[in-house]
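The structure appears right after this line, and notes come after that.
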Amino acid sequence: MAELSAESGIPVATIKYYLREGLLPAGERTSPNQARYGEEHVRRLKLIRALVEVGGLSVATVREVVAAVDSDRAAYNVLGVAQRALTVFKAEVPVDDREWAMGLLTSIAKEHGWKFGPDNPAADLLVGTLCTIRALGHQALLDQLGRYAEIADRIAEADLDTLEAGVSMDRIVEATVVGTVLGDRLFEGLRRLAQAAETARRYTEG
Numbered sequence: 002m003a004e005l006s007a008e009s010g011i012p013v014a015t016i017k018y019y020l021r022e023g024l025l026p027a028g029e030r031t032s033p034n035q036a037r038y039g040e041e042h043v044r045r046l047k048l049i050r051a052l053v054e055v056g057g058l059s060v061a062t063v064r065e066v067v068a069a070v071d072s073d074r075a076a077y078n079v080l081g082v083a084q085r086a087l088t089v090f091k092a093e094v095p096v097d098d099r100e101w102a103m104g105l106l107t108s109i110a111k112e113h114g115w116k117f118g119p120d121n122p123a124a125d126l127l128v129g130t131l132c133t134i135r136a137l138g139h140q141a142l143l144d145q146l147g148r149y150a151e152i153a154d155r156i157a158e159a160d161l162d163t164l165e166a167g168v169s170m171d172r173i174v175e176a177t178v179v180g181t182v183l184g185d186r187l188f189e190g191l192r193r194l195a196q197a198a199e200t201a202r203r204y205t206e207g
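Numbers in the numbering used here are just positions in the sequence shown, counted from 1, shifted up by 1.
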């Protein structure tokens, strides 16, 4: 375990905690107080670190994600579990407003071939956001929703292009978590730079 700690950069006490919580599979017992750990344990620790430290997920949620990784589920479903864990949001909006927002979102989704269920947390996030934009009277922003959806398609393609083919599911889910959380920050920064440049092009005299 000391070697596993040195290889992964995670303290022994934390590794023992992950073992107790069922996040990390037990090593191969070689004596009453010794166990052998392999590269798969290092990969799993990196995944747990990504989920906890980058994704900010609770231990209970991480347990759900790693259980999906260890199951026989298809890659699509495993990634769905990870994405759902990263988007925990329930918008509290009036029924009429929710119906309007879901109608708008459903229309956009149909145009782009997106499919989602009524309990999808990303959809809930969008419903709350759309209702807030309408309440503030920014119709021009709502009018651009189709263009934003087109950009989202391109971003999704770029996100999936970063996933390495032929690697372990641990590694794919880790890349998904890191890419989603840090990718949001990355795009936010790029968007700010682009906004500044576009503002200068449109409104700076000369």
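For every residue, glycine included, the Cβ atom is placed at its ideal position computed from N, Cα and C.
What are the start and end residues of each continuous beta strand (DSSP E) run of 3 or more residues lying completely inside the region 55–80, in chain order? none
Classify A36 as helix, strand or coil using the three-state DSSP reduction. strand
Where the alpha helix (DSSP H) containing Q145 begins and where it ends: Per DSSP, Q145 belongs to no alpha helix (DSSP H) and is neither H nor E.
V49 to A153 span [Cα, whole Å]: Per the sequence shown, the amino acid found at residue 49 is Ile instead of Val. If you take the alpha carbons of I49 and A153, they lie about 28 Å apart.
Rounded to whole angstroms, what is the Cα-Cα separation between I156 and V63? 26 Å
Applying the 10 Å Cβ sphere with the 16-neighbour rule, what's the burial state of Y77? exposed
Burial state of R203, where buried means 16 or more other Cβ atoms lie within 10 Å: exposed
Tell me which same chain residues have a C-beta within less than 8 Å of the C-beta of L105, skipping the five on either side of it? L131, L143, L146
Excluding five sequence neighbours on each side, which residues of the same chain lie with their C-beta closer than 7 Å to the C-beta of L58? L52, A86
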